[in-house]
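Scroll down for the structure; my scribbles are underneath it.
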Amino acid sequence: MATAFCSSPDFPFLYPSYLSLSGNQVAIMEFRRPEHRTIAAALRLMQADFFLASRCWFAGGTAIVMHLDEYRLSLDVDFLCADGEGYRVLRTAAVESGVRAFFGAPVTTLRDFRTDQYGLRTVLTLEGQPIRFEIVREARIALEGTFDSRLNVPTLSLPDTFAEKLLANADRCQDRSVAYRDAIDLGMLLTRYAEIPAIAVRKATEAYGQDIKRKIGWVLTRLEDETELKHAASVLQMDGDLAVQAITALRGEAQRLWSF
């Protein structure tokens, strides 16, 4: 398990997750959006030790949003597993035991797990809310993380969170239905953490080459159109000014990294 390397309260992997900065027990996180409250309740019902032992990390937009003041709505619960043995165990558990391998009652599923070499997928339900749940078999980069007591969930490290968002932006930034969420998520991370860690850029570039830089340039050019950025903010249910701040931060970091 990755060790903590910085004392910041914003992401759990930046300090020992079972302690606050004053050495006291960390309080359970609270959320203002009802959808996020339901997701947090589901996470607290997870078999957390099983995920930690399998090196399977809470990641993606929802993990970022829940740790950065809920700047947008995010309804998917995504976990990433880069460990071959860990994924084998998780896949077997899904096939043999279904949702109870991962969640306690009253979490249920609306359909059986769909499993393949790329991941495990189902739709959970709790308190009447459907939650798309996926465990992705990450084969592009190695991953690290640590345990977040506040959400009762193993969570992806900050450098790998950046790396995964760089990869996701390269994969789908040209799909308008995604609403440029990966670029906006990168920008929101930058408003809090200032720079993309060098190791994140290196990992993403080793996986996808110059397409990482190319697609950052493409999305920044695309979002020079104010109408397009307003559309993205509307789709993502976020404040338009925050979206502007996010893209401004990403533009500045792209200039630092690639001299755009």
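Residue numbers (the numbering used here): 2 to 261.
Glycine included, C-beta positions come from ideal geometry on N, C-alpha and C.
Could you check how far apart the C-beta atoms of residue i and residue j are, in whole angstroms? I think they sit under 8 Å.
i	j	result
L121	L91	7 Å
C57	I142	C57 to I142, Cβ: 15 Å. No contact.
D161	C174	That pair is no contact at about 19 Å.
L44	F148	The pair is not a contact, with the Cβ atoms about 12 Å apart (cut-off 8 Å).
In whole angstroms, what is the alpha-carbon distance linking residue i and residue j?
i	j	result
A71	A233	In the sequence on display, residue 71 carries Glu and not Ala. Approximately 16 Å between the Cα atoms of the pair.
S23	R151	Because S23 carries a pLDDT of 33, less than 50, the predicted location of this residue cannot be relied on, and the following value inherits that uncertainty. If I take the Cα positions, the gap works out to 15 Å.
Y194	E128	34 Å
E86	D226	46 Å
P131	T123	10 Å
D240	R73	8 Å
Y181	R38	25 Å
R89	L144	16 Å
L46	F104	5 Å
N25	D84	Note that N25 scores a pLDDT of 46, beneath 50, so its modelled location is shaky; the value from the coordinates is reported in the next line. Between N25 and D84, the C-alpha separation is close to 33 Å.
I248	G61	18 Å
Q246	A169	20 Å
L111	S98	15 Å
T116	L230	36 Å
I200	R223	27 Å
L69	I185	13 Å
What residue from the options has the CA that sits closest to residue i's CA?
i	options	result
D172	N153, L144 and V220	V220
A335	A199, A49 and E165	Residue coverage of the chain in this structure runs from 2 to 261, which leaves residue 335 outside it and unanswerable.
I217	W259, E97, T228 and V66	W259
Q238	F52, A140, A43 and V66	V66
S1	I200, R177 and A106	There is simply no residue 1 to check, as the chain begins at 2 and stops at 261 in what is shown.
L1	R215, G146, R34 and R138	Beyond the ends of the chain as shown, which are 2 and 261, falls residue 1; an answer cannot be given.
A164	L191, V202, D149 and T147	V202
Y119	E139, F134 and F59	E139
Tell whether a beta-carbon distance below 9 Å holds between residue i and residue j.
i	j	result
V78	I40	yes
I213	T206	yes
L251	L187	yes
T126	V154	no
L157	A64	yes
L191	E254	yes
E31	L76	no
F59	G146	yes
Complete runs of the alpha helix (DSSP H) confined to the region 185-261 [at least 4 residues]: Correct list: 199-209, 212-223, 227-236 and 241-259.
Quick one: which unbroken beta strand (DSSP E) runs of 3-plus residues sit fully inside the region 44-86? Chain order, please. Along the length of the region 44-86, whole beta strand (DSSP E) runs at least 3 residues long occupy 57-60 and 77-82, reported in chain order.
Within the region 136-161, ranges of the alpha helix (DSSP H) (whole runs, at least 4 residues): Counting only runs of 4 or more, we get nothing.
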